[in-house]
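Novice:
Residue numbers (the working numbering), protein chains in the order written: chain E, -1 to 462; chain D, 94 to 287.
1) Scan the segment 383 to 394 of chain E for residues whose Cβ lies nearer than 9 Å to a Cβ of chain D and list them as they occur along the chain.
2) My output table needs one value for residue 164 (chain D): the three-state DSSP class, helix, strand or coil.
3) Please report the residue range of the alpha helix (DSSP H) in which residue 258 (chain D) lies.
4) To the nearest angstrom, how far is it from the Cα of residue 103 (chain D) to the Cα of residue 133 (chain D)?
5) For the ligand PLP, any of its heavy atoms closer than 7 Å to the Cβ of residue 246 (chain E)?
6) Helix, strand or coil for residue 105 (chain D) per DSSP?
7) In chain E, which residues lie with their C-beta within 8 Å of the C-beta of residue 198 (chain D)?
8) If residue 209 (chain D) sits next to residue 179 (chain D), beta carbons under 8 Å apart, how far is it from one beta carbon to the other, in whole angstroms?
9) Tell me the DSSP bridge mates of residue 369 (chain E)?
10) Tell me the DSSP secondary structure of residue 5 (chain E) in three-state form.
11) With which residues is residue 322 (chain E) paired in a DSSP beta bridge?
12) Within the chosen definition, does the segment 190 to 202 of chain D reach the segment 391 to 402 of chain E through at least 3 CB pairs nearer than 8 Å?
13) Tell me which residue opens and which closes the alpha helix (DSSP H) that residue 422 (chain E) is part of.
14) Would the segment 328 to 338 of chain E and the segment 355 to 365 of chain E be scored as touching if the rule is three or more Cβ pairs under 8 Å?
15) Name, in chain order, the residues that DSSP records as bridge partners for residue 117 (chain D).
16) Between the beta-carbon of residue 495 (chain E) and the beta-carbon of residue 240 (chain E), is there less than 8 Å?
17) Are the beta-carbon atoms belonging to residue 273 (chain E) and residue 242 (chain E) less than 8 Å from one another?
18) So that I know if they touch, is there some Cβ in chain D lying closer than 8 Å to that of residue 455 (chain E)?
19) Tell me which residue opens and which closes the alpha helix (DSSP H) that residue 450 (chain E) is part of.
20) On the CB-based measure, 16 or more other CB atoms within 10 Å of its CB, does residue 305 (chain E) come out buried or exposed?
21) Give me the chain D residues within the contact set of residue 137 (chain E), using Cβ-Cβ distance strictly less than 8 Å, ordered along the chain.
22) Could you say which of D:260, D:232, D:215 lies nearest to residue 222 (chain D) if we only look at CA atoms?
23) Closest to residue 154 (chain E) by CA distance: which of E:78, E:245, E:270 is it?
24) Taking Cβ-Cβ distances below 7 Å as the criterion, which residues of the segment 307 to 318 of chain E are in contact with chain D?
25) Taking any Cβ of chain E, which residues in the segment 207 to 237 of chain D have a Cβ under 8 Å from it, in chain order?
26) With a cut-off of 8 Å, does the C-beta of residue 48 (chain E) fall near any C-beta of chain D?
27) For residue 324 (chain E), which of E:278, E:335, E:271 has the nearest alpha-carbon?
28) Which residues, in order along the segment 125 to 136 of chain D, keep a beta-carbon less than 8 Å from a beta-carbon of chain E?
29) Which ranges does the beta strand (DSSP E) cover as unbroken runs of at least 3 residues, wholly within the segment 242 to 266 of chain E, from first to last along the chain?
30) Using the C-alpha atoms, what's the distance from residue 258 (chain E) back to residue 243 (chain D)?
31) Determine the closest residue to residue 135 (chain E) out of E:166, E:185, E:151, E:375, with distance taken between C-alpha atoms.
32) For residue 142 (chain E) and residue 191 (chain E), I'd like the C-alpha separation in whole angstroms.
33) Between which two residues does the beta strand (DSSP E) harbouring residue 214 (chain D) extend?
34) Interface residues of chain D around residue 379 (chain E) at Cβ under 8 Å?
35) Rounded to the nearest angstrom, what separates residue 181 (chain E) and residue 158 (chain E) at their Cα positions?
36) Helix, strand or coil, according to DSSP, for residue 217 (chain E) in the structure here?
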């Protein structure tokens, strides 16, 4: 991650169309949703969508098929906090553990303040300014979703909720009702974004919102790579993060979405990510789950067009008290579609990892191909792992392969490395880093480096 | 210990294999589904003791509009040290409306283990078929040979009477509709490069 200077005092006053500091009371009611919509000066259609979604949210039960969500108390949560209201914590209030991690993975102080919630955001105006002009010249839109609703209502209206409708699941409904922030990316036909769009390039918005709504639309033949999150821990006191990500990849286009999630260990991270992929288009999800208390996240590809391709690369690391329930979904809805899913998970110190996958091939999706590979590493006797892939194959002219393995680090490998003079902790972190290498090699360099450091940190004291 | 199951009549199979301390269990299931049959195969390898092993192989062919629903769970409990558990499930779809649902799953609560599963669903390989036909075999015969080849490695594990049952089931299917396989596969279409 690049070193970016923080301009003090900038964090106030950059919002022009919001009323003065305002916090909404905990709990979720129609009035709260209406208030959020009013605070944002939203058009009626968006308010209607929010209210409809709220009804769906109330009508759906909390899912019980996955991770344990019984401790979530919807009445105690706050559903909208102005980004500026988050300010006010001091560096001393940041937990020691988080500070230690910052030290060890080498995050610059400016970023630390921001990541720990001491600063509202950083100022990356200089880099951003130049890039922004380049994008605008090409007609590429990159802003936060709130701004998009105001500036580009036709595009938002056309696609909002089409990939992930509010009725999809309880948390998608919740997000649709109270969403705030998130990125909006629109790439016109034939254009390509040469540098990855990173969430932290966006300014004047809340970066790590609780209920982000991200939409990416790649028109025919367009190319885009979007990156969000970072390897450093994000310290937040809110306990629920329920984002929705909708990606539309039109004919011949290519999109990649990279996420590295490292929320602090008190957060429920329940995210719905889905992409619609049309003829000959390619969608790639690269997904890393390192933090949070509970993660439930299954990036999906719906392959609607002939020759569409979807890839999902996922890595999960679960430590003490964590459950990473992650996976992928691939729906083959047209002939000659292909998908590849690679998942690597590591559980240690009592952590639990789950791979939950779904692969569906409908009748008539001739020539469909899918390959799924999921490997789990369990580092100690307190940790556990689950693999639950579901395959529905309703067409005979297909080629489907699925492979899974679970095991521990072999004594032989450890012994070999240690016999070369490498100490136990280092040897273990080398092996674990090697295990997840298929994913890290797809990450932007700075993320890969930080991820490796983070694993070394997590592995400390694991080998006696 | 060896467990064998051959299913040709649509009966469902539900089995829990729980090896005793130091025991290995090998399980082989072969199925041949035809017509409108719907097979349900539900296997659990439960490891609760130390030094246990399970090896499950499921393999079968699905004709016509038959379907097979397979669930295979490897459940390794805490304390089941040195467990080795493997499961493999392969289905060959031959019928135009044949279909397969597979859920191989793993629940592992012990780290001193080696466990894994693999599953494939597919059709007859065009190139294999082409090769046999280029040697002068009629299409039906070539398909039959390939089906035989697909099952052969697993059949080897079965006792003679079970092998005969599978062979008889296949013979019956081929005899009922001698032309059943002649349409398969359809003329080859252009492949979209991967």
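Even for Gly, the Cβ is constructed at its ideal location relative to N, Cα and C. Since this is a predicted model, take the numbers as computed values, not measurements.
Specialist: The structure says:
1) Against chain D - using a Cβ distance shorter than 9 Å - the residues of the segment 383 to 394 of chain E are 383, 384, 385, 386, 387, 388, 389, 390, 391, 392, 393, 394.
2) strand
3) Under the DSSP assignment, residue 258 (chain D) falls in the alpha helix (DSSP H) whose first and last residues are 253 to 269.
4) 8 Å
5) The ligand PLP is absent from the structure shown, which contains no ligands of any kind.
6) Here residue 105 (chain D) sits in coil by DSSP.
7) Neighbours of residue 198 (chain D) in chain E, taken as residues whose beta carbon is under 8 Å from its own, are 384, 385, 386, 387 in chain order.
8) 6 Å
9) In DSSP, residue 369 (chain E) forms a bridge with E:338, E:399.
10) At residue 5 (chain E) the pLDDT is 39, less than 50, meaning the model places this residue with poor confidence; the figure from the coordinates comes in the next sentence. Residue 5 (chain E) falls in the coil class under three-state DSSP.
11) Its beta-bridge partners are E:293, E:351.
12) yes
13) 422 to 433
14) yes
15) D:146
16) Past the boundaries of the shown model lies residue 495 (chain E); chain E is included only from -1 to 462, so the question cannot be answered.
17) Result no, Cβ atoms of residue 273 (chain E) and residue 242 (chain E) do not sit closer than 8 Å.
18) no
19) 443 to 457
20) Per the 10 Å Cβ criterion, buried.
21) Here the premise fails: no neighbours, minimum Cβ distance about 30 Å.
22) D:232
23) E:245
24) none
25) 207, 208, 209, 210, 211, 212, 213, 214, 215, 216
26) no
27) E:271
28) The segment 125 to 136 of chain D vs chain E, Cβ under 8 Å: nothing.
29) Within the segment 242 to 266 of chain E, the complete beta strand (DSSP E) runs of at least 3 residues fall at 242 to 247, 252 to 259.
30) 43 Å
31) E:185
32) 17 Å
33) Counting along the chain, the beta strand (DSSP E) containing residue 214 (chain D) begins and ends at 206 to 215.
34) Neighbourhood of residue 379 (chain E) in chain D, by CB distance below 8 Å: 171, 203, 204, 205, in chain order.
35) Cα to Cα, the separation comes out at about 13 Å.
36) coil
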